[in-house]
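Novice: Residue numbers (the working numbering), protein chains in the order written: chain D, 1 to 332; chain Y, 333 to 664; chain A, 665 to 1043.
Ideal placement from N, C-alpha and C gives every residue a C-beta, glycine not left out.
Remember, it's a predicted structure, so these values are computed and weren't measured experimentally.
Quick one: the structure is below, and I'll ask about it shortly.
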Amino acid sequence: MAVSSESQVDGGDGASGEVAAKTWRDTLGRIKRDTTARWGLYVISVVLVVGLYAFVDTYLSTLTFGALDSYTMAEAIPIFDHPEHLPAPGESQPNQPPAFHVDGTLEYPLGTDPEGRDYFTRLVYGSQISVSVGIVATLLGTVAGTVVGAVSGYYGGRIDDILMRSVETLYAIPGLILIIVFTEFASGGQRNIQYAIIGVSLTTIPIFARIIRSRVLSVREMDYIEAARAAGVKDRYIIAKHIIPNSFAPVLVYATLEIGVVILIVAGLSFLGYGAQPPTPDWGRMLAQSYRYMHSNIWLSIWPGLAIMFTIMGFNLFGDGLQDALDPRIDN
Amino acid sequence: MRLLRYTLFRFAQAIPVLLGITVILFLFINMTPGDPIRIMTAGQEVSESHLAYLEARYGLDRPIHVRYWDYLSGFFTGDLGRSIHYNRPVSEVMMARIGPTLLLVLSAFLFAVVTAIPLGILAAKRRNQPSDHISRIVALFGVSTPSFWIGIMLIIIFAVQLGWFPSAGLVMPWDAPSDAGLSGYFWHMVDVLHHLFLPMIALGTLQMATIMRVERTQMIDSLQGEYVKLARAYGVSERTILRKHAFQVAQLPVITLVGLGLSTALGGAVLTETVFNINGMGRLLIDSIQQKDYQVVMSVATILAVIFVIGVIITDIAYAYVDPRVTYGEGE
Amino acid sequence: MRDKPLLRVENLKTQFVTENGTVRAVDGISFEVYEGEIVGIVGESGAGKSVASMSLLRLVDNPGEIVAGEITYKGRTIFAAEETEDGDRRLQDGVLSAETVRQEIRGNEIAVIFQDPMESLNPVFTIGGQLREFIELNRDLTGDEARKEAIDMLREVGIPDAEARYDEYPHQFSGGMRQRVLIAMALACQPSLIIADEPTTALDVTVEGQILDLVDELQRKYGTSFIWVTHDMGVVAEICDRVNVMYLGEIVEQAPVDELFYETGHPYTKALLDSMPRPDRTVTDLDPIRGVMPEAIDPPPGCRFHPRCPDAREVCRQVHPEPAEIDRVDGFSHRSACFKRDVFDVGYDESPPLDNLARGESERGQEASEVASGGGASE
């Protein structure tokens, strides 16, 4: 073990044994009663609704306008309709202040970005990338990690050794650096978002592989698994039908918490220019852009950061609440 | 004696992981679709014969396993190849950059540990009282906020608006003018801290919040331990219980966490160095990718991973020092 | 009557205020401990034995609180308070301060041996270090003297090679050895009273026997008094001089040990004795107590044992019995809180018997349904 996080990940494992026995209805009831989880759920719902709205709107506009997607539309409208808001040549302050500012207008409640695009609209559309990448990358990592962990734990021996050493090694490269290097090389310097997603999910594999593996090691010894094996049931079937469903609860908690972490990482990637590429609006990118205007237009830096924080907080709250709800030690 | 053997054991254990890191990173760089030389020289007028010369110079005309062997043996003999952009040995380029990164990361951890542990203990001691709630909310914000945005906000408030701290660059403690006397050295150190303060907080906040959360739950757990009941029954004061009996046991997971947090912090250093314009390893990584200086990219990524692995080993040894139950070899 | 008791507890009440209501874990118990004797507190889990014993040191975990009663030890008042009419408690004058109790009572006057030897020792400090800390804190010994005393004590409780094992950690000791260390801790502080809170429950039977012999021997040698908390009547028979039987926060019977076994006064005590495995009886002779103890948050009216009592009558449901003296042996009183005894004049004999869990067909029916529902629940 080069990276002794095992104790960390396994920490919740004693708890998860009893968790599996709990019925889903019981768990849902606990989540509903848990204030933390409830607030997390509210925040996540808000972000999801906003993101979904942006997604549907983008999709519909693509149908209507063909190639001209709705980002460009949303961005373009202010420039076409309100030339007076465009910066005068040589003007150092290219964007409008927010509504509550002296010269601000209600039309642009959060002002415009340096290119004169409505900042609020971009903020709304920016939610798509953060949330979807967060969820997709976590999902990929969960699936891959589950497969690796299940195979590793079930077969043991040399397969286990090789898989776990690889996972450990993957874990030994600091996440953000692994993702940047992977994205750069895998995409041949193109930095496509798809590669970034795969890169992010790579970094989440070790966590899930370890959780699943330790669960499998305990489940494997249970009588009904032995019975199934004795009855000649195929290994693949045992893993898929018995072992993985049995390990679902702890994975769910970690996945929820991991979505928050992934969104944090994706924001950093975008800030460095490795996430969504222009003209797609994205919170991390918006912060990178606003960096140059720190001296003159503070609000450009404030709003995307608040949006990121709000979203991650939602997932963290929900994950914490979920953990409490699933932890049999904390019994109300 | 026990610790010495454990230390040797841990380093020996890390060797396969270190090899694995080089394999993974080497695979990444060779995953690039297309010829790295052509990507490096994209947009420049280069003759075919010069391309062939470059391929030979960087050893790209040889089979992949030979190249890996060269890379690996180079790594252990300190020959990391030449940087195309800087036209200097990679090791030389990195030597100048590693200081700021280490200074930044170590000071961030110092800040995190020094603030998080007392706050976590306080929160545990006053569980469910206002000060506990406040510290939990602060910790939630801490784990939900991107470090680079905290950096941007700190620059806006303390550098741009208030002008208390510089917004960019670091001063190295060992860069004092050679003719400086004692007072000159003192003022140099003040300058070092003055530059270090904002980036340290930006990078350290996430660590602080994470450590604080774990410290709190661990202390709550530990304070409910039977050994604390025993100490109370024998007249040990609450102060000693908090500082000695409960404290030492609670620190075990915290130590592990600090080691693992190094991974996040090294990634975060890339962002912090970008925000604060610090010429460290992270900045070097990003710049080298920009300049297609892949030899440097590889080496920087490897060195950062090695730093992480060494950091984890050091914290493991610290863990073994505190927890007499740690043995080596068995069980893993 | 003997001389003044070492410890006198009168009408002690300890409560836990929870969201669901007030749990009266200890509800008005009184007993004495004289010098050199071992006094048992026996009862089922949840009867309030541990809370009662910890209350003596004023060590009750949140949200628990001692609300009333008086604890006198060697003429000093550890606790004395009365419940006022509006439910608050009022400390009386002359009570030792919390700080004084910590410094002058805990450890050096009254020491404790806990139930779980595996968890009671701090895993990150050496055995010797922990022992020495308590010695330095509670006796006028420092440095090497304390170390020497610690090693002597380890030897005294039968730890072989004590000097070498002084520097070892708890995980290097077996359960029985750890319990010996805990006993060494208690004795090393030279207290006049040791509270042993189920000290052998976590050990296997052979080790339990060894530990009981050790305590017996050391008790004779040092003359220390013990309060022995247990649920095991067998241990009580082996080690105790006098016994208090607790049920749902109350002491229902109090007697010297032989008197308790041969002149049992309370049906609950009898039930405890009948449910105890003994070499002179076969398993089929065992007669377990029916039902489970109700929650202390909502005790039954009247006698708290009446729903499970085979001798319960209507009056038991209506009137709450206070323990009364039914006999006197060697200057000690035998008290019992059951209306069956003549000292109570509440008309037990005329009262109609209760149809409850402990008798009749209804119980069988209930048991059957329990089995059925139990099978369903475990799936």
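Specify, as a first and last residue, the run of the alpha helix (DSSP H) that HIS397 of chain Y falls within.
Specialist: That run of the alpha helix (DSSP H) goes 396 to 409.
Novice: From the beta carbon of SER92 of chain D, is the nearest beta carbon of chain Y less than 7 Å away?
Specialist: Any answer about SER92 of chain D is weak, because its pLDDT of 42 lies below 50 and its placement is not dependable; what the coordinates show is given next. Judged by the 7 Å Cβ criterion, SER92 of chain D is not in contact with chain Y.
Novice: By the 10 Å Cβ neighbour count, where 16 or more other Cβ atoms means buried, how is ALA711 of chain A classified, buried or exposed?
Specialist: It counts as buried.
Novice: Along the chain, which unbroken stretches of the beta strand (DSSP E) at least 3 residues long are found entirely within the region 32 to 59 of chain D?
Specialist: Listed in chain order, there is nothing to give.
Novice: Would you mind telling me which residues of chain A sit closer than 8 Å to SER569 of chain Y, beta carbon to beta carbon, in chain order?
Specialist: Simply ARG766.
Novice: Using the three-state DSSP reduction, which class does VAL788 of chain A fall into: helix, strand or coil?
Specialist: DSSP places VAL788 of chain A in coil when its eight states are reduced to three.
Novice: Out of D:ARG122, D:VAL143, D:TYR254, D:GLY149, state which residue places its alpha-carbon closest to the alpha-carbon of ASP57 of chain D.
Specialist: Ranking the options by Cα distance to ASP57 of chain D, first place goes to D:ARG122.
Novice: Return the Cβ separation of GLY432 of chain Y and MET504 of chain Y in integer angstroms, given the expectation that the two are a contact with Cβ distance under 8 Å.
Specialist: Reading off the sequence, residue 432 of chain Y comes out as Pro, not Gly. Contact holds; Cβ gap of about 7 Å.
Novice: Short check: CB of SER889 of chain A to CB of GLY739 of chain A, under 7 Å?
Specialist: No, Cβ-Cβ distance for SER889 of chain A and GLY739 of chain A is not below 7 Å.
Novice: Which word fits LYS713 of chain A, buried or exposed, when buried means at least 16 other C-beta atoms lie within 10 angstroms of its C-beta?
Specialist: Buried, because 16 or more other Cβ atoms sit within 10 Å of the Cβ of LYS713 of chain A.
Novice: How would you call TRP283 of chain D, buried or exposed, if buried means at least 16 neighbouring beta carbons within 10 angstroms?
Specialist: The residue is buried, with at least 16 neighbouring Cβ atoms inside 10 Å.
Novice: Which of the residues in the region 722 to 746 of chain A, read from start to end, lie with their CB under 7 Å from any CB of chain Y?
Specialist: For the region 722 to 746 of chain A, which is checked against every Cβ of chain Y, the residues closer than 7 Å are LEU723.
Novice: If you run the structure through DSSP and keep just helix, strand and coil, what is THR736 of chain A?
Specialist: Residue state, collapsed to three classes: strand.
Novice: Quick one: Cα of ALA67 of chain D to Cα of LEU535 of chain Y, how far?
Specialist: Residue placement at ALA67 of chain D is flagged as unreliable, the pLDDT there being 41, under the threshold of 50; the coordinate-derived value follows with that caveat. Approximately 42 Å between the Cα atoms of the pair.
Novice: Rounded to whole angstroms, what's the CA-CA distance from ILE198 of chain D to ILE239 of chain D? Just pull it up for me.
Specialist: The alpha-carbon atoms of ILE198 of chain D and ILE239 of chain D are separated by roughly 25 Å.
Novice: Over the uninterrupted beta strand (DSSP E) stretch that includes ARG992 of chain A, give me the two end residues.
Specialist: Residues 988 to 993.
Novice: Nearest-angstrom Cα distance between GLY273 of chain D and ALA288 of chain D?
Specialist: Rounded to the nearest angstrom, the two C-alpha atoms are 8 Å apart.
Novice: Given this structure, state the Cα-to-Cα distance separating GLU989 of chain A from THR948 of chain A, to the nearest angstrom.
Specialist: Approximately 34 Å between the Cα atoms of the pair.
Novice: For the beta strand (DSSP E) that contains HIS417 of chain Y, what are its first and last residues?
Specialist: Segment: none, HIS417 of chain Y is in no beta strand (DSSP E) and carries neither H nor E.
Novice: Since ASP486 of chain Y and LEU530 of chain Y are thought to touch, with beta carbons under 8 Å apart, how far apart are those beta carbons, to the nearest angstrom?
Specialist: For clarity, residue 486 of chain Y is Leu in the given sequence; the question names Asp instead. Right, their Cβ atoms sit about 5 Å apart.
Novice: Just grab the DSSP bridge partners of VAL687 of chain A for me.
Specialist: Partner(s): A:PHE680.
Novice: The alpha helix (DSSP H) with SER270 of chain D in it runs from where to where?
Specialist: Segment 248 to 272, the alpha helix (DSSP H) holding SER270 of chain D.
Novice: Report all residues from its chain with a CB closer than 7 Å to the CB of ARG468 of chain Y; omit the five preceding and five following residues, and keep chain order.
Specialist: ALA455.
Novice: Can you tell me whether PHE65 of chain D is buried or exposed, with buried defined as 16 or more other CB within 10 angstroms of its CB?
Specialist: Residue confidence for PHE65 of chain D is low, a pLDDT of 49 falling below 50, so the modelled location carries little weight; the figure read from the coordinates is stated next. Exposed, since its Cβ has fewer than 16 Cβ neighbours within 10 Å.
Novice: Applying the criterion that 16 or more other CB atoms from any shown protein chain within 10 Å of the CB defines a buried residue, is GLU986 of chain A buried or exposed?
Specialist: GLU986 of chain A is exposed by the Cβ-count criterion.
Novice: For GLN550 of chain Y and ILE416 of chain Y, what's the separation of their Cα atoms in angstroms?
Specialist: In a straight line, the C-alpha of GLN550 of chain Y is about 50 Å away from that of ILE416 of chain Y.
Novice: Are the beta-carbon atoms belonging to ILE488 of chain Y and ILE298 of chain D less than 7 Å from one another?
Specialist: Contact: yes.
Novice: If you draw a straight line from the C-alpha of PRO304 of chain D to the C-alpha of MET286 of chain D, how long is it?
Specialist: Distance between the alpha carbons of PRO304 of chain D and MET286 of chain D: 7 Å.
Novice: Given this structure, state the Cα-to-Cα distance separating ASN675 of chain A from ARG571 of chain Y, to the nearest angstrom.
Specialist: Using only the alpha carbons, I get a separation of about 32 Å.
Novice: Secondary structure at TYR171 of chain D, three-state DSSP: helix, strand or coil?
Specialist: Reduced to three states, the DSSP call for TYR171 of chain D is helix.
Novice: Answer with yes or no whether the minimum CB distance from TYR338 of chain Y to chain A is below 7 Å.
Specialist: With 7 Å as the cut-off, TYR338 of chain Y does not count as an interface residue toward chain A.
Novice: Near PRO958 of chain A, which residues of its chain fall below 8 Å by C-beta distance, leaving aside the five closest residues on each side in sequence?
Specialist: Excluding sequence neighbours, PRO958 of chain A sits near LEU912, PRO964, ARG968, PRO971.
Novice: For ASN772 of chain A, does the count of other Cβ atoms within 10 angstroms reach 16, so buried, or fall short, so exposed?
Specialist: When all chains shown are included, ASN772 of chain A counts as buried.
Novice: Nearest to MET940 of chain A by alpha carbon, out of A:GLU708, A:THR682, A:LYS668, A:ASP868?
Specialist: Per the Cα distances, A:GLU708.
Novice: Give me the residue from A:SER997, A:VAL993, A:GLU978, A:SER1000 with the minimum Cα distance to GLY1011 of chain A.
Specialist: Nearest of A:SER997, A:VAL993, A:GLU978, A:SER1000 to GLY1011 of chain A, Cα basis: A:GLU978.
Novice: Can you give the Cα-Cα distance for LEU936 of chain A and LEU801 of chain A, rounded to whole angstroms?
Specialist: The alpha-carbon atoms of LEU936 of chain A and LEU801 of chain A are separated by roughly 41 Å.
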